[in-house]
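Just so you know, we're using the UniProt record's numbering here: the sequence shown kicks off at 1 and counts up by one. Here the structure is laid out as structure tokens; the discussion comes afterwards.
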Amino acid sequence: MSVAKPISSPPVDQTIENKVGAGAISSEVDHTDILSDDIEVLLSHPEFSDVILVVNGEKIPANKALLAVRKVTFRGLLYGGLKESGDGEVVLNQINVFAFRIVLRYLYTAKLTLSDYEEDQLLEILSVAHQYCVNDLQHAIADYLKGFLQLPTNEVSQLLSSLDTFSIDELSKFRAIRAWIMAHKELQIDTEEMIMGCVRLPHITRDALVKEVRESGLLKAETILNAMEKRIRMFKEEEEKKKKNTLSTVM
Numbered sequence: 001m002s003v004a005k006p007i008s009s010p011p012v013d014q015t016i017e018n019k020v021g022a023g024a025i026s027s028e029v030d031h032t033d034i035l036s037d038d039i040e041v042l043l044s045h046p047e048f049s050d051v052i053l054v055v056n057g058e059k060i061p062a063n064k065a066l067l068a069v070r071k072v073t074f075r076g077l078l079y080g081g082l083k084e085s086g087d088g089e090v091v092l093n094q095i096n097v098f099a100f101r102i103v104l105r106y107l108y109t110a111k112l113t114l115s116d117y118e119e120d121q122l123l124e125i126l127s128v129a130h131q132y133c134v135n136d137l138q139h140a141i142a143d144y145l146k147g148f149l150q151l152p153t154n155e156v157s158q159l160l161s162s163l164d165t166f167s168i169d170e171l172s173k174f175r176a177i178r179a180w181i182m183a184h185k186e187l188q189i190d191t192e193e194m195i196m197g198c199v200r201l202p203h204i205t206r207d208a209l210v211k212e213v214r215e216s217g218l219l220k221a222e223t224i225l226n227a228m229e230k231r232i233r234m235f236k237e238e239e240e241k242k243k244k245n246t247l248s249t250v251m
């Protein structure tokens, strides 16, 4: 009497494919959108934060580990170079708060709708992204702003000169011009004349003049030194005015 051979079962994956059709169901689970939305919740729940970023005097709760994993720059700031105060605060000066919040949200979610912002706001965001080496966001904004990067020299200068000081500061103007110059390396441009024509250098902090403006190589050392000296004179004159106003009020 012959014994029937057991019927071998097909592999589980093959069985599923036969039932629903090859390729109908993916073996990959991708819920990154849900993850992104969940992580964004951290921004609106300060009780989950473990560090306070003080940006130009405004306190912003954040998460050290998340920022450190996202960008090496923040790893150095939060776990290395910048020390927290006793209150767990890290002070970041000379940064546009509005733009910093946008970049921070991008670091948490990896999402940003560029069309929601005006050109001058995008230049501010680009400036902060550059400062903290958020390269992927920099490239995305640069691609979106190709119209700006393709403007002729005179139009770039006119645009930046016409921007209100309250919408974009002088350091951000400098960074915008630097981005434009880097995109036009083939042109014979008098970079010093171009920058001096639309950026008020004395309104840039001494640290930024030394570290960022000087290191760009776009201006002579003498020009930067003159800007620093003028900045000192400006502050002295401002102090004198305050003293006179105080005296006149008392009298």
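Just so it is clear, CB atoms sit at the ideal spot from N, CA and C, and this is done for glycine as well.
>> Tell me the DSSP secondary structure of Val-134 in three-state form.
In response: coil
> How far does the alpha helix (DSSP H) with Lys-64 in it reach, from first residue to last?
Replying inline: 64-70
> With DSSP run on the structure shown, which of helix, strand or coil describes Ile-60?
Replying inline: strand
> What does Val-90 pair with, by DSSP beta-bridge criteria?
Replying inline: Leu-53
>> Quick check: the Cα distance between Phe-166 and Asn-96, rounded to an integer number of angstroms?
In response: Residue confidence is low: Phe-166 scores 46 on pLDDT, short of 50, so the model does not pin down where it sits. Its coordinate-derived value is still stated next. One C-alpha to the other measures close to 10 Å.
> Quick one: is the Cβ of Leu-219 within less than 7 Å of any heavy atom of the ligand SAM?
Replying inline: This structure lacks the ligand SAM; in fact it carries no ligand of any kind.
> So, helix, strand or coil for Ala-142, using DSSP?
Replying inline: helix
> Is Thr-109 helix, strand or coil when you go by DSSP?
Replying inline: helix
>> Restricting to runs no shorter than 3 residues, where is the beta strand (DSSP E) found entirely within the stretch 180-210?
In response: none
>> If the criterion is Cβ atoms closer than 8 Å, does the pair Val-199 and Ile-177 meet it?
In response: yes
> Does DSSP put Asp-30 in a helix, a strand or coil?
Replying inline: coil
> Quick one: any contact between the stretch 97-114 and the stretch 122-139, if contact means 3 or more CB pairs under 8 Å?
Replying inline: yes
> In this structure, does DSSP put Gln-150 in helix, strand or coil?
Replying inline: coil
> Helix, strand or coil: how does DSSP classify Ile-95 here?
Replying inline: coil
> From Gln-158 to Glu-89, what distance separates their C-alpha atoms?
Replying inline: 40 Å
> Under a Cβ-count criterion, where at least 16 other Cβ atoms within 10 Å of its own Cβ denotes burial, should Ile-34 be classed as buried or exposed?
Replying inline: exposed
>> For Ser-216 and Ile-195, I'd like the C-alpha separation in whole angstroms.
In response: 12 Å
> CB-CB under 6 Å to Ile-60, same chain, minus the five flanking residues each way: which ones, in chain order?
Replying inline: Leu-53
> Excluding the five sequence neighbours on either side, which residues of its own chain have a C-beta within less than 7 Å of the C-beta of Val-128, listed in chain order?
Replying inline: Ile-95, Asn-96, Ala-99, Phe-100 and Val-103
>> Within 8 Å, do at least three Cβ pairs link the stretch 68-81 to the stretch 29-49?
In response: no
> Just how far apart, CA to CA, sit Glu-47 and Val-29?
Replying inline: 31 Å
>> If distances are taken between C-alpha atoms only, which option among His-130, Asp-120 and Glu-170 comes closest to Phe-148?
In response: Asp-120
> For Leu-35, which three-state DSSP category applies?
Replying inline: helix
> Among Lys-236, Leu-126 and Leu-67, which residue has its Cα nearest to the Cα of residue 258?
Replying inline: Any question about residue 258 goes unanswered here, given that the chain covers just 1 to 251.
>> On the CB-based measure, 16 or more other CB atoms within 10 Å of its CB, does residue 254 come out buried or exposed?
In response: Residue 254 lies beyond the range of the chain shown here (1 to 251); nothing can be said about it.
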